[in-house]
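First the structure, in the form of C-alpha cells, and then the observations on it.
Protein chains: 4
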Amino acid sequence: MSAAAPAAAPVCLDDYEALARERLDANAWAYFAGGAADEITQRANREAWAATWLQPRVLRALAQGHTRVELLGRTLAHPVLVAPMAFQRLAHDSGELGSSFAAALQGAGVVLSAQASMPLEEVARRVLPEATRGPLWFQLYLQGDRGFDLELVRRAEAAGFEALVLTVDAPMHGARDRERRAGFALPPGVAAVNLAGAPPLPRGGELCGGLLAAAPGWDDVAWLRANARVPLVLKGVLHPDDAKRAHACGADALIVSNHGGRTLDTALPTAWALPRIADALGGALPLLVDGGIRRGTDVLKALALGARAVLVGRPIVYALAVAGPQGVAHALRLLRDELEIAMALTGIATLDAVPRELLFDASKTHLGAPWERPR
Amino acid sequence: MSAAAPAAAPVCLDDYEALARERLDANAWAYFAGGAADEITQRANREAWAATWLQPRVLRALAQGHTRVELLGRTLAHPVLVAPMAFQRLAHDSGELGSSFAAALQGAGVVLSAQASMPLEEVARRVLPEATRGPLWFQLYLQGDRGFDLELVRRAEAAGFEALVLTVDAPMHGARDRERRAGFALPPGVAAVNLAGAPPLPRGGELCGGLLAAAPGWDDVAWLRANARVPLVLKGVLHPDDAKRAHACGADALIVSNHGGRTLDTALPTAWALPRIADALGGALPLLVDGGIRRGTDVLKALALGARAVLVGRPIVYALAVAGPQGVAHALRLLRDELEIAMALTGIATLDAVPRELLFDASKTHLGAPWERPR
Amino acid sequence: MSAAAPAAAPVCLDDYEALARERLDANAWAYFAGGAADEITQRANREAWAATWLQPRVLRALAQGHTRVELLGRTLAHPVLVAPMAFQRLAHDSGELGSSFAAALQGAGVVLSAQASMPLEEVARRVLPEATRGPLWFQLYLQGDRGFDLELVRRAEAAGFEALVLTVDAPMHGARDRERRAGFALPPGVAAVNLAGAPPLPRGGELCGGLLAAAPGWDDVAWLRANARVPLVLKGVLHPDDAKRAHACGADALIVSNHGGRTLDTALPTAWALPRIADALGGALPLLVDGGIRRGTDVLKALALGARAVLVGRPIVYALAVAGPQGVAHALRLLRDELEIAMALTGIATLDAVPRELLFDASKTHLGAPWERPR
Amino acid sequence: MSAAAPAAAPVCLDDYEALARERLDANAWAYFAGGAADEITQRANREAWAATWLQPRVLRALAQGHTRVELLGRTLAHPVLVAPMAFQRLAHDSGELGSSFAAALQGAGVVLSAQASMPLEEVARRVLPEATRGPLWFQLYLQGDRGFDLELVRRAEAAGFEALVLTVDAPMHGARDRERRAGFALPPGVAAVNLAGAPPLPRGGELCGGLLAAAPGWDDVAWLRANARVPLVLKGVLHPDDAKRAHACGADALIVSNHGGRTLDTALPTAWALPRIADALGGALPLLVDGGIRRGTDVLKALALGARAVLVGRPIVYALAVAGPQGVAHALRLLRDELEIAMALTGIATLDAVPRELLFDASKTHLGAPWERPR
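The following block contains the structure:
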C-alpha cells in the first residue's frame, strides 16, 4: 500500500522527526522543532490525541468506503492539508514548492505561508493543475497596512490560490525560548520573499514595546471578508464565543489551532477545544484542526470531534528535510494509509459523519483509578 | 505449589518475557512482542488491570473453594485459555502442539489459530484426550470464499475442536510499526499450513487498496452460525451494541478483545470495555476477555467485571520460546497458583459469581488528588 | 530537638532505607524490602499519603498542645507503634529486643510478631517497665490448632503483653516475587522461636494445595475473643462491612492494613480504605492504620482520616539494621519531631479530634487538569 | 524588548536557576533551593500553575493595553513583587540592596525580610525614590516580645517602608531535610542584622520543645493592626476561613502562600488555594499569591484566579547569584515581557479584571482519559 520509502525506511511520521533531527543543523532544528516557553502545549497537543480512546465497531459494511470529504465547494481525496509553515528552504532547497508538489501528488491540500521562502506565484504555477490536486490556500497575517495587505491578497487570488487563511492567534511572536537559546537566525538566501517591500509595522501603545498598535481586530476580519474574492478561513480560534463571532463576521471556515504550541504556552490542546467549538457552532461552519496530528487514528478522532479536515505541519517539514519532495509524498501516503486502516478497524466507511460516540468516554470508567501505574 | 521451574527460574509471567527477549531472534521478537503503531493500547491493556484496585474481604470460609468454572457445557479446571497465536514455530520447534499439550496437562483451554504453523489435525490428535484436558477451540477468519471457509470449519469439527472462534476485529492487518521496522518475514519452514490452497482474497473498493472487498459482515456471522455444528464464539467485540447484535445473531459466547493491541492503536483497554458489555448483556452470553492478563489478580478482576474466563497470549509464546512445553506448563501453573492465592486473600471461594464490589471504586476517593507524586 | 544521630546522619526515615540497603545482605534485603508480586500496593501505600494534601490553619493557640492519645485504656505519649515484623535478627543481633527497647525509650508502642526471632518472654522482661513505656502488644496468627493457639495466648498474657493482635489478612503467604528471585532462606540461628513445637498445619480442600483447610473464620475470632484475657485487635481489615462484623464479634480495635503490600498486590492503599471504614464505624471502635507511613505529616493525615494511632514497619527494621537500637530510637524521635512540627504548622494542638477538613478535597479543583505536567 | 542579558544569556527564569546551581556553593544552594521534607509542595506549586490551561481570546482591542494595577493606594507598573527572602548576601555581596535596587529600577515591588543580611534603613535609603519605584514593604515575624516587635515596626515605618507583611505560616521552622543534609550554616559576615538584640524566645509547653510558647495568635494580629501606622498584610493564609478571620481582624491585604514549600510539606499548592479564598472573600481584600511563579503566563493565571499581584522568590535570588543586581533586573524584565506577551496572546488588555473564564475547566473534558500517555 505504501509509496516507495526513502532509504532510511521510516514507517510512521515520528520516524521522520528522528531522522530530521540528525539531518538539520541546530539553527533550523530549533526553528522547526521548538515551541513557546516550556513547550507544554506543544507536547499536550500530541498527548491529547493519544489519550483519546477509540471504541471501534465490528462487521460493518466497508466495501463502498472511501476517504473523500467536501470542503468549501471542493471534493478532497482525503481530509489532510499541509499546514502553513514559514521558511521551508531551511529544510530543503526545494522549499515550499517541494512540499506543495508532493502534497499535490498525494491529493493533499496545501496552505502556503505568507512567510514562504519562495514566490507564491512560482509555487502556484508549478504545482499540479487544480483538477489533479487538492486545494491550494494562502495564509497571511494582517500587517497593519491595508494597502499592502490588499495587494498581497490580490497577488494570491491572481496566482490561483482558492482561499485565504487569516492567522488570528499571533498578534505577537511568542516567547520561543528554544529559538532564543539557539540564537536562531535566517541564513543568507532564505527570506520571506513575498513580504518584500512591506511597510514597517506601526508602533504605539505600551504593551509589548508598542508592537500591538496595529494588531488586527474583528473589524479587520470584516474588511478582509468584504474585499477578498475567495473564501476566508480564520486560523487560531480556541474559544467557542470567538468561533461564533467569526461566523457572524462572515468567515467561511475555521481552523481550531494553538499555532502548534509556538505562541502561547499552556494554551489548551486543540483536541479539547475542538468539540466545544463544534458544539457551539452546531455545524454552521466547516472546522479544521491542527496541532499534534501524527497518526491516522488522530485524523479519525479529529473528525469524530467535529472537524472536516486536519492540517499537518512539523512532520511535513521533517520529511522534506529527510528526503525532499519524495519524503513529503511518502509521509502523506503513510498518514492516509493509516487513516484507511483506522477506518476499516473502527467500522467507519465514509468520513462525512463520523460519530462522536466512536470515542470512549473515559470519565465513565471509575474502576481504573486516576493513578498511573507505579514504576 | 509450583511445578518444577526451568533453569532460569522465572517466578512470574513477566520473567518469561524478559528471558524470551534474550532467546528469540529480532525477527520473531518483533512479531510476537510488537503491536500496532505506538503500542499505546498494548500497554494500556496491562495498566488498566494493574490500576484496578482490589478491596479484599477477610475471614471468609475457603475450605471448600476451587477454581472450576462452567463454559459452553463443560467444566474447566480453571478459567484460563491459551489465546490463538499464529506461527508458534517461530518460538519453538514444538510449535502449537507444544503449547497445546502443555496447556492440556495444566487443564487450561486452547484456541488454535487458523494461522497455526502445524496441521490442525495433528495438534488435535496428539493433545490429551478430552476428558483429561480443557476445551480445545479453533480460531478462524472468514477468507471471502464460503467454500474454502466451510471446508476449514468441517476439518476443525472433524478433528474434534469443540468450538469455533471467529475473529471479527481485523478485517485488515493493523499498522505494525515494530514488525515493519524489523523487516519481519516468515523464515523457511514456518507457514500457515492449514490455509494452504486458500483462494486469493477478492479485491474491490477503494479503501485499503481494495482489501476490504470481502471483509465479513453480520450476515457472514449468521451464515457461519447456521452452518457450524459446534458453538460459535465471536472474538474482538468492544462495543456494547455490537455485543447485543452478536447475541441476536446467535453467537454462543463473546471474547472482549482488542487483539492484544496488535490492530487498532488507542482502542480502549479491555478492562474498560468488559464491564460495559457485561452490563449491556445482563448475563445473556458468557464472556471471555483477553489483553494484558499477566497475574492471578488480573484473572480475578476480569471475573469480577463479568468474564467467565480469560485468554492469555504473549506470555505463553514467551514461555514456549524459553523452555518449550515445560515452560508453558510452568507459566500456566504460576498463573493458576497466583489466582488461587488471590482468591484466598480476597475471600473468594468459588468463581461462579465474583462480585463487582470486590473492586474498589476509586472515583469515590477524592482525598488523593489526581496527581502523581512529584519526583 | 533530635536525639543524637548515628554516624551517617539520616535526617528522615527514608535515609534509613537507603543506608540499610547498603548494610543488609541480599537475602535480608529481599525479605524486608520486598512485597507481593509487582509491589504496586507497597508503592501505592506511600503515594496515597503523599498525594493527600494538607490545608493548614494559622494563628491557632498551640501553647497547650501535646501529642498524647488514649488507646485501649492507656495514654500513649504519641500515636506511633512499631508494627509486628518477623525475624528481626536478620537485621541486627539485638533483634526484637533491640527495636522494642528503643521504642519503649521513645514512648512508642510495640507489637511483637509471633514470628519474632527471640523469645517473647525475654522481650517482655527486658523492655522498660509498663509505666515508662508505650503499650506492648503481641501479634499472632491462628495456626489451626486451638490448643497450641491458646497456649501461645496464655504465654503472651503471662509475659505481660497488654493486647493480642490477630492478623486476618494472610490465610496464605502472598506471592513474594522478590523473595523468590533472591532465593530467600532463613540463615542458621534465626527462627520463629516462639512457634517451636507448633503442630503441622492441617491440610485439606483444593485451593492453594490444601493449605486453607484451617484458614481462620469469624467463629475463630469469636472463640479467641471469648478466651483471651486482654483486648483483641484485628489487623488487616480493608472493607467497611468486615469492620462492622469485627465490631459485632467483639473486637476491641482494628488495624486498617494491607500487610504493607506483602500479601495481595493491587489491594487498595490504606489511606483510601481508612476513611470509609471510619465512616462505617462512626467511632464505635478505635482504628489504627499502617502501610507507607514515613513522615509526621502522614501520621497527622491518618488521624484526620479517622485513625487513633499508626504503626510503622519497614523503617524501624531499616534503622535497626543501620544503627541497632540507637537507630530505632532516632528514627522514632525523627517521626515524632516531624509530627509535632506538622501539628504546629497546621494549627492542630491536640490529636483527639483532628478534623477531616484538614485535608484538601482535590476533587473540587478542576482548574488543574488531571494531567501530569509533560516532561 | 529585553534588557541587556548577562553573559550566559538566560532566556527565562529557569535558566537562572540552572546557572545559580553552578555558581552557588553547596551551603547556599541548599538554603535557597531546598524546601521542607520531600519538597512535594515546592514542586506542586510549579506544576499547579503549569497544569492550569489557558483558553485565549483572539482579535481583541489591545492598543490601549498596559500592565498597571492598583494596590493599597498605589499604582504599580506591573503586578510583581520580590518576595521576602532572608540572608541574600549568601547569594551576592550586594545582598538585599542589590535585589531591591534592581527591582526598583524595573518598577517591581520589594518585600524586605526581617532576616535580611543588611540594615533595613540602608536598603530603604539607597533604593530609588518612592515616585520612581514600586512599593517597598517590610516583612516580620512576631518574636514573642511586644516591646522588641514594636521597636522593629517603628524602625521600618521610620525608614519609609509602606506596609508591614506579617508571616503567619511559620510558628516553627519546617523540617528542611536538604538543609540538614548539607549541614547548612551561616558563614561569617552573614547575619540577621536587623534582629540583633532580640530577646530569646520564651519557652514553654510540650510541643516542639517548648518553642511554641510565644507562637502568635489572632490577638497578636489585632494588636499589631492597632499599633502599626501603615497597612498590614498577612502572609501565609491557605484556608478560606482564615482569610475571612484576617479580614475581620483588620488586615489590609493577604498573601496566599505556603512559604514556597519551605515549611509544611504536602500543603496544597497555592494555585489551588487562591480561587477558594478569592471566592470566600468576594473582593473584600486585595490578594497576592506566591509559590512557583516562573512565567508570565503564571502571573496572568494568578490574576484570573483572584490575585491582584504576585510575589517571586527563588528566581530573584538565583539571578542575584548569577549576575548581581543586573541579573535581577534582567529576570524581572523577562517576567514582565512574558506577561505582556501572554496578555497580547490571550486578548487581555488590562489587568484590573482578568476573567476566571480565561482558564479552561479541564473537568469538562472527559474524552482525554485521566491517564498519562504510556511511555
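Chains A, B, C and D are the protein sequences, given in the same order.
The opening residue of the first sequence carries number 5 in my numbering; numbering runs sequentially from there.
The opening residue of the second sequence carries number 5 in my numbering; numbering runs sequentially from there.
The opening residue of the third sequence carries number 5 in my numbering; numbering runs sequentially from there.
The opening residue of the fourth sequence carries number 5 in my numbering; numbering runs sequentially from there.
Backbone N, C-alpha and C fix where the C-beta goes; we use that ideal spot for every residue, glycine too.
Chain-ordered chain C contacts of residue i [CB-CB under 9 angstroms]
i	result
residue 212 of chain B	Near residue 212 of chain B there are no residues of chain C at all, since even the closest Cβ is about 34 angstroms away, more than 9 angstroms.
Residue burial classification, residue i (beta-carbon count within 10 angstroms, cutoff 16)
i	result
residue 59 of chain C	buried
residue 79 of chain B	exposed
residue 180 of chain D	buried
residue 11 of chain B	Residue placement at residue 11 of chain B cannot be trusted, given a pLDDT of 44 that sits under 50; what the coordinates show is reported in the next sentence. Exposed, because fewer than 16 other Cβ atoms sit within 10 Å of the Cβ of residue 11 of chain B.
residue 134 of chain B	exposed
residue 136 of chain C	exposed
residue 198 of chain B	buried
residue 269 of chain B	buried
residue 300 of chain B	buried
Neighbouring residues, chain D, relative to residue i (Cβ below 7 angstroms)
i	result
residue 62 of chain C	172, 173, 240, 241 and 246
residue 178 of chain A	345 and 349
residue 342 of chain C	179
Cross-chain neighbours of residue i in chain F, by beta carbon under 7 angstroms
i	result
residue 15 of chain C	Absent here is chain F; the protein component of the structure consists of chains A, B, C and D.
Within chain A, partners of residue i - CB distance below 7 angstroms
i	result
residue 269 of chain B	301
residue 225 of chain B	63
Start and end residues, alpha helix (DSSP H) containing residue i
i	result
residue 141 of chain A	Taken as a continuous stretch (DSSP letters only), residue 141 of chain A belongs to no alpha helix (DSSP H), being part of the beta strand (DSSP E) at 140-144.
residue 21 of chain D	17-27
residue 129 of chain B	124-130
residue 156 of chain C	150-163
residue 234 of chain A	First-last for residue 234 of chain A: undefined, no H or E at that position.
residue 96 of chain D	It is not in any alpha helix (DSSP H) - residue 96 of chain D carries neither H nor E in the DSSP assignment.
residue 353 of chain B	Premise fails: residue 353 of chain B is in no alpha helix (DSSP H) and is neither H nor E.
residue 300 of chain C	300-308
residue 245 of chain C	244-252
Within chain D, the residues that residue i reaches when beta carbons sit closer than 8 angstroms
i	result
residue 216 of chain A	66, 67, 69 and 348
residue 59 of chain C	242, 243, 271, 272 and 277
Paired residues, beta bridge with residue i - DSSP
i	result
residue 113 of chain D	D:85
residue 259 of chain A	A:239 and A:292
residue 184 of chain C	Paired residue(s): none; residue 184 of chain C is not in a bridge.
residue 332 of chain D	Answer is none; residue 332 of chain D lacks a bridge partner.
residue 74 of chain A	A:79
residue 271 of chain B	A:58
residue 363 of chain C	C:58
Chain-ordered neighbours of residue i on chain B, where CB pairs are closer than 8 angstroms
i	result
residue 54 of chain A	42, 44 and 270
residue 222 of chain C	63
residue 161 of chain A	Within chain B, no residue comes near residue 161 of chain A; the closest Cβ sits about 34 angstroms away, beyond 8 angstroms.
Residue i - containing beta strand (DSSP E), residue span
i	result
residue 170 of chain B	167-171
residue 316 of chain A	313-316
Any non-hydrogen atom of the ligand SAH closer than 7 angstroms to residue i Cβ
i	result
residue 171 of chain D	Among the ligands in the structure shown, none appear at all, so the ligand SAH cannot be discussed.
Within chain B, the residues that residue i reaches when beta carbons sit closer than 9 angstroms
i	result
residue 208 of chain C	67
Per-residue contacts from residue i into chain D (C-beta, under 9 angstroms)
i	result
residue 219 of chain A	63, 64, 65, 66, 67 and 348
Where residue i meets chain A, residues with beta-carbon distance less than 9 angstroms
i	result
residue 188 of chain D	Within chain A, no residue comes near residue 188 of chain D; the closest Cβ sits about 30 angstroms away, beyond 9 angstroms.
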